[in-house]
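Q: In my numbering, the protein residues as written are 906 to 1016.
We put the CB at the ideal spot given by N, CA and C, even for glycine.
Sharing a structure, written as structure tokens. Questions coming.
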Amino acid sequence: MPKQIFDIKTECDFEKRALNSKNAVMVGFFSPWCESCKIKIPKLERVIEENEEDDAMAKVNIDELQDLEHKNNISNVPSIAVNKNCQVQSTLDGMQEIVDIRKFVDDNNDK
């Protein structure tokens, strides 16, 4: 199965593609003005692309989808959340090295 990296455009799209997925979906919450986001979100994309698992990644622009930011208790960006079975399993806030992001993704694929 090919890697799935997609932009979330609506709240309905988020619910369908990220929240209600049976498999874990890594959700990168970002803002275009955030310099740290311009570093962290591409790191997550790289991890997803390199990983042997059939990972999926959703990207959420919090400037366009502020309701999702609040509903998912995102207090700062960049933030990565793992959604599975209609709930957030885990989050990783702030800046991390790629090795830490890789570990976060790997650890959450086991859940």
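(1) Per the DSSP calculation, G933 is bridged to which residue(s)?
(2) Return the chain-ordered list of same chain residues with a C-beta closer than 8 Å to the C-beta of N981, the five sequence neighbours on each side being excluded.
(3) Spell out a yes or no on whether the segment 956–971 and the segment 916–936 are touching, meaning 3 or more CB-CB pairs, one atom from each, closer than 8 Å.
(4) To which residues does DSSP link T996 through a beta bridge?
(5) Closest to D1012 by CA distance: which of V987, Q992, S936 is it?
(6) According to DSSP, is Q971 helix, strand or coil?
(7) Whose CA, out of C991, K943, P937, lies closest to the CA of I967?
(8) Any idea which residues DSSP pairs I910 with across the strands?
(9) Excluding five sequence neighbours on each side, which residues of the same chain lie with their C-beta closer than 7 Å to the C-beta of K948?
(10) Taking buried to mean at least 16 other C-beta atoms within 10 Å of its own C-beta, is I946 buried or exposed?
(11) If distances are taken between C-alpha atoms only, which option among C991, N990, L973 comes closest to S984?
A: Quick look at the numbers:
(1) As a first step, residue 933 must be located in the sequence shown, where it is residue number 28. Looking at the DSSP assignment, G933 forms a beta bridge with K964, I985.
(2) As a first step, residue 981 must be located in the sequence shown, where it is residue number 76. Around N981, the same chain offers D998, G999 as residues with beta carbons nearer than 8 Å, after the five sequence neighbours per side are excluded.
(3) Result yes; three or more Cβ-Cβ pairs closer than 8 Å.
(4) For this step, residue 996 is matched to residue 91 along the sequence shown. The partner list for T996 (beta bridge, DSSP) reads A986.
(5) Along the sequence shown, read from residue 1 onward, the residue named residue 1012 stands at position 107. Of all alpha-carbon atoms in V987, Q992, S936, the one lying nearest the alpha-carbon of D1012 is that of V987.
(6) The residue given as residue 971 occupies position 66 in the sequence shown. In the structure shown, Q971 falls within a helical segment according to DSSP collapsed to helix, strand and coil.
(7) Translated into the one-based positions of the sequence shown, residue 967 becomes position 62. Closest in alpha carbon position to I967, among C991, K943, P937, is P937.
(8) In the sequence shown, the residue the question calls residue 910 occupies position 5. Its beta-bridge partners are M962.
(9) As a working mapping, residue 948 is identified with position 43 in the sequence shown. Apart from the 5 residues on each side of it in sequence, K948 sits with its Cβ closer than 7 Å to the Cβ of I1003, I1006 in its chain, given in chain order.
(10) Residue numbering aside, residue 946 sits at position 41 when the sequence shown is read from its first letter. Its Cβ being crowded by 16 or more others within 10 Å, I946 is buried.
(11) By one-based count along the sequence shown, residue 984 stands at place 79. When only C-alpha atoms are compared, the closest one is L973.
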